[in-house]
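Peer 1: Mind looking over this structure? Questions follow.
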Amino acid sequence: MFSSFRFNWLLSTAALAPQICVVGSGPAGFYTAQHLLKHHRLARVDIYEKLPVPFGLVRFGVAPDHPEVKNVINTFTQTAHSDRCAYYGNVTIGKDVMVKELQRAYHAVVLSYGAEDNRILGIPGENLSGVYSARAFVGWYNGLPENRDLKPDLSSETAVVLGQGNVALDVARVLLSPLDILRKTDITEGSLAAIACSKVKRVWLVGRRGPLQVAFTIKELREMINLPGTRPLLDPADFTGLGDVIKDIPRPRKRLTELMIKSAREKPGEKEAALWASATKEWGLKFQRSPLEVLPATDGKQARGIRMAVTRLEGSGESARAVPTGEVEELECGLILSSIGYRSLPLDSSIPFDPKLGIIPNSLGRVQGAPGLYCSGWVKRGPTGVIITTMNDSFDTAQSVLEDLQTGVLNLSNSKEGFKSVRSILHSRGVHPVTFSDWEKIDAAEVARGKLAGKPREKIVDPQEMLQLISH
Amino acid sequence: CPYTGCRCSTGTLVAVAQLALTSCNLFDSSADRVTVHFINRDGERLTATAKEGESLLEVVVNQNLSIDGFGACEGTLACSTCHLIFEEDVFQKLDAITDEELDMLDLAYGLTDTSRLGCQVCVKKAMDGLTVQVPAEVADMRRELEVGKQSK
């Protein structure tokens, strides 16, 4: 089926170069671009990004102590170096140039701008000092410019993370990791200094449902269990009878649950017992607790605890629902991180957007009711999944674009100017795009600064400093 | 290189010969050569000549095989994009799987009982003629269903 694309373009009498634009330079944007460039010999792909620097959540989301996950940057860099690909950073679609203007300049526009916001708890006290979204906290330690002044309050002993996904584990791990490990990563200098003064000794990951509904995955859990200097606090009672329930479930969920059961119920081996005995920090999982209210301290401004509803489960497996029992519990804590999901925002009033699902309505990546408009990644599917999920999804959207090029749904006889027309629009609005080689200068500077500190890089967190570096 | 099938980027004969002499054992080249077939997602068979000891990921990368998105994390057990499906009898003879590999394999699309990660399986002489399947992705399956629906 796919090889027919390669034959048919040879047969067309006027082989015109499709001009395609991708909005967003994270994994979705780059993988969509990569697939288009590979499977169409003439297509030109321009990738736009609102920050000066590329790579989205690979740079700003993946934890500093997970550098292997960031290896995808190498394949993205290769794509950016293709002579039919161009990167334009420091350009905000929806402000510096509108989607309709992009549609006039390109045959196809792919929206891959991800999820820049987070779901809110919607409970009283959510705006007290000491309460942050995990998304902002991750942005803070990863150098996302908009979160650089977060100044999270790390002065209390107990932190509560609401949510039991991989992001929840990431923030718990960064809060409790030995400094010797963190200081060798690309965590920002500013956040490392703050964590060095942190008083946080205990982190609870709180979920509304039970052990069978945890959203984190086994590699990350294993890492947490083995985190030096820490001990896990898992209540054996939470895992009673689970061994039988998981006998016939799919292997991934089974192994994950078995690891939790083992850590909660089995006596630790000699080595583990010694590590846990000398641990100065601890972390645990609390199940069937749904947040009701963040409780204020006497000054009325600071969080001092959280009140939670005790729930029971109706149904089982992935579709189990947490129902309040009427019982209530309070947990003392001065730091609360809500890790209940990222959320996409509408880019531009002209684009269809489903506010309930937080996605652009689409079918196989084709935006509904908007010919020539496509979407890939989290803004298409919702903000879950790892890089491979986004990769597959992006290839899928790229396939839709390729099909539409082949069948003539995208009419190549309408010639499009691509970046040529966008450049003059940006120029008239005083916007200076950052090129990929400009990024490479910023990259080199970060790596050089990092070398002085024994880190892979020292991220520049001020966009103005980035622009000055490349003399914009 | 006509002896080993290794591809290099330089074009000159001299360079090829030098490369052949330094990186391959010309006198015992047949012992190094292991033929591996990859059935790609679109059904196309990609045949490569591997060196004993190379991982299947290295074979794909070194031979520049056209498998989309293969090996995103570059063999560091941080993704599942080098997922391959083996024939039962070959699968049984592979070196034991570690917990670390299982942890990542568990996240792979289209997981089967004879799945492994290509970055963890090294080519052995006994594997000569091996055929592995690149798994179809979930997204592809949905596309088949969608196309099926539209044609009704």
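Sequence lines, in order, name chains A and B.
For the record, in the first sequence the residue sitting at position 136 is 869 according to my numbering, with numbers rising by one throughout.
For the record, in the second sequence the residue sitting at position 7 is 12 according to my numbering, with numbers rising by one throughout.
No residue lacks a Cβ here, since even glycine has one placed at the ideal position from N, Cα and C.
Please read these numbers as outputs of a predicted model, since none were measured by experiment.
Give the list of continuous beta strand (DSSP E) stretches no shorter than 3 residues that lie fully inside the segment 1023 to 1077 of chain A.
Peer 2: 1036 to 1047, 1054 to 1065 and 1068 to 1071, all fully within the segment 1023 to 1077 of chain A.
Peer 1: Cβ closer than 7 Å: which chain B residues qualify as neighbours of I1120 (chain A)?
Peer 2: Here the neighbours are A77 and C84.
Peer 1: Check the Cβ-Cβ distances between V805 (chain A) and every residue of chain B, and say whether any is below 8 Å.
Peer 2: V805 (chain A) counts as touching chain B.
Peer 1: Is Y839 (chain A) helix, strand or coil when you go by DSSP?
Peer 2: The answer is coil: DSSP assigns Y839 (chain A) none of H, G, I, E or B.
Peer 1: Taking 8 Å as the cut-off, decide whether the C-beta atoms of N880 (chain A) and R1076 (chain A) are in contact.
Peer 2: No, these two residues do not count as a Cβ contact at 8 Å.
Peer 1: Short check: CB of R121 (chain B) to CB of L82 (chain B), under 8 Å?
Peer 2: No, the Cβ-Cβ distance between R121 (chain B) and L82 (chain B) is not below 8 Å.
Peer 1: Indicate whether at least one CB of chain B lies closer than 8 Å to the CB of T973 (chain A).
Peer 2: No, its Cβ sits nowhere closer than 8 Å to a Cβ of chain B.
Peer 1: What do you reckon, are the CB atoms on W873 (chain A) and V936 (chain A) nearer than 8 Å?
Peer 2: Result no, Cβ atoms of W873 (chain A) and V936 (chain A) do not sit closer than 8 Å.
Peer 1: Could you give the DSSP three-state label for G1017 (chain A): helix, strand or coil?
Peer 2: Strand, per DSSP.
Peer 1: Given a limit of 7 Å on CB to CB distance, which residues of the segment 84 to 100 of chain B reach chain C?
Peer 2: Here chain C cannot be found, since the structure's protein chains are A and B.
Peer 1: Contact check, T950 (chain A) vs L116 (chain B) under 8 Å by CB: the rounded distance?
Peer 2: Wrong, their Cβ atoms sit about 14 Å apart, outside the cutoff.
Peer 1: Can you name the residues that DSSP bridges to Y764 (chain A)?
Peer 2: According to DSSP, which records beta bridges pairwise, Y764 (chain A) is partnered with nothing at all.
Peer 1: Pick from A:T990, A:S862, A:R777 and A:A766: whose alpha carbon is nearest that of K1153 (chain A)?
Peer 2: With distances taken between Cα atoms, K1153 (chain A) lies closest to A:R777.
Peer 1: Report back the beta-carbon spacing between A705 (chain A) and S1072 (chain A) to the nearest angstrom; my notes put them in contact at under 8 Å.
Peer 2: Residue coverage of chain A in this structure runs from 734 to 1205, which leaves residue 705 (chain A) outside it and unanswerable.
Peer 1: Check the C-beta distance from Q1021 (chain A) over to T990 (chain A) and give it rounded, since I have them as a contact under 8 Å.
Peer 2: About 16 Å separates the two Cβ atoms, so there is no contact after all.
Peer 1: Since A838 (chain A) and V1142 (chain A) are thought to touch, with beta carbons under 8 Å apart, how far apart are those beta carbons, to the nearest angstrom?
Peer 2: At roughly 18 Å, the Cβ-Cβ gap does not stay under 8 Å, so A838 (chain A) and V1142 (chain A) are not in contact.
Peer 1: Tell me which residues share the same chain as T825 (chain A) and place their Cβ nearer than 6 Å to its Cβ, disregarding the 5 neighbours each side in the sequence.
Peer 2: Counting only Cβ-Cβ distances below 6 Å, and skipping sequence neighbours, we find K783.
Peer 1: So, at 6 Å on beta carbons, what are the nonlocal neighbours of Y764 (chain A) in its own chain, with the 5 sequence-adjacent residues on each side left out?
Peer 2: Within the same chain, Y764 (chain A) has close Cβ partners M1124 and S1127.
Peer 1: Sort A:V805, A:Y821, A:L790 and A:T1117 by Cα distance to F1169 (chain A) and report the nearest one.
Peer 2: Measuring from the Cα of F1169 (chain A), the nearest candidate turns out to be A:Y821.
Peer 1: DSSP on R935 (chain A), reduced to helix/strand/coil?
Peer 2: It is a strand residue.
Peer 1: Show which residues of chain A have a CB atom less than 9 Å away from the CB atom of G123 (chain B).
Peer 2: In chain order: nothing, as chain A lies at least about 14 Å away.
Peer 1: When the Cα atoms are used, what is the spatial distance from S1049 (chain A) to P944 (chain A)?
Peer 2: Roughly 11 Å between the two C-alpha positions.
Peer 1: Given this structure, state the Cα-to-Cα distance separating R1190 (chain A) from E953 (chain A), to the nearest angstrom.
Peer 2: Those two C-alpha atoms are separated by around 24 Å.
Peer 1: Please state whether DSSP places N880 (chain A) in a helix, a strand or coil.
Peer 2: Of the three classes helix, strand and coil, the one that applies to N880 (chain A) here is helix, per DSSP.
Peer 1: Is the CB of N875 (chain A) under 8 Å away from at least one CB in chain B?
Peer 2: Closer than 8 Å: no.
Peer 1: Tell me which residues of the segment 61 to 75 of chain B have at least one Cβ-Cβ distance to chain A shorter than 7 Å, keeping chain order.
Peer 2: Per Cβ criterion, the list reads D73 and G74.
Peer 1: Taking 8 Å as the threshold (beta carbon to beta carbon), is I951 (chain A) in contact with chain B?
Peer 2: Yes, I951 (chain A) counts as interfacial toward chain B.
Peer 1: Please report how far the alpha carbon of F793 (chain A) lies from the alpha carbon of G1110 (chain A), in whole angstroms.
Peer 2: Between F793 (chain A) and G1110 (chain A), the C-alpha separation is close to 16 Å.
Peer 1: Return the Cβ separation of G134 (chain B) and T40 (chain B) in integer angstroms, given the expectation that the two are a contact with Cβ distance under 8 Å.
Peer 2: About 6 Å separates the two Cβ atoms, so the contact holds.
Peer 1: Does the segment 1078 to 1091 of chain A come close enough to the segment 1052 to 1070 of chain A to have 3 or more Cβ pairs within less than 8 Å?
Peer 2: No: fewer than three Cβ pairs fall under 8 Å.
Peer 1: Give me, in chain order, the residues of the same chain whose beta-carbon lies closer than 8 Å to that of N1147 (chain A); leave out the 5 immediate sequence neighbours on both sides.
Peer 2: Correct list, in chain order: H840.
Peer 1: Can you name, in chain order, every residue of its own chain whose Cβ lies under 7 Å from the Cβ of L18 (chain B), other than the five neighbours on each side?
Peer 2: Bear in mind that a pLDDT of 43 at L18 (chain B), under 50, signals an unreliable position, so the model cannot answer this.
Peer 1: Could you name each continuous alpha helix (DSSP H) segment of 4 residues or more that falls completely within the segment 1137 to 1168 of chain A, going from the start of the chain to the end?
Peer 2: Entirely contained in the segment 1137 to 1168 of chain A, the alpha helix (DSSP H) runs reaching 4 residues are, in chain order, 1152 to 1161.
Peer 1: Quick check: the segment 805 to 820 of chain A against the segment 981 to 1000 of chain A, are at least 3 beta-carbon pairs closer than 8 Å?
Peer 2: Touching, no, given that fewer than three Cβ pairs across the two stretches are closer than 8 Å.
Peer 1: Along the chain, where does the beta strand (DSSP E) containing K56 (chain B) start, and where does it finish?
Peer 2: R50 to K56 is the extent of the beta strand (DSSP E) around K56 (chain B).
Peer 1: Taking Cβ-Cβ distances shorter than 9 Å, what residues in chain B pair up with H814 (chain A)?
Peer 2: Here the premise fails: no neighbours, minimum Cβ distance about 15 Å.
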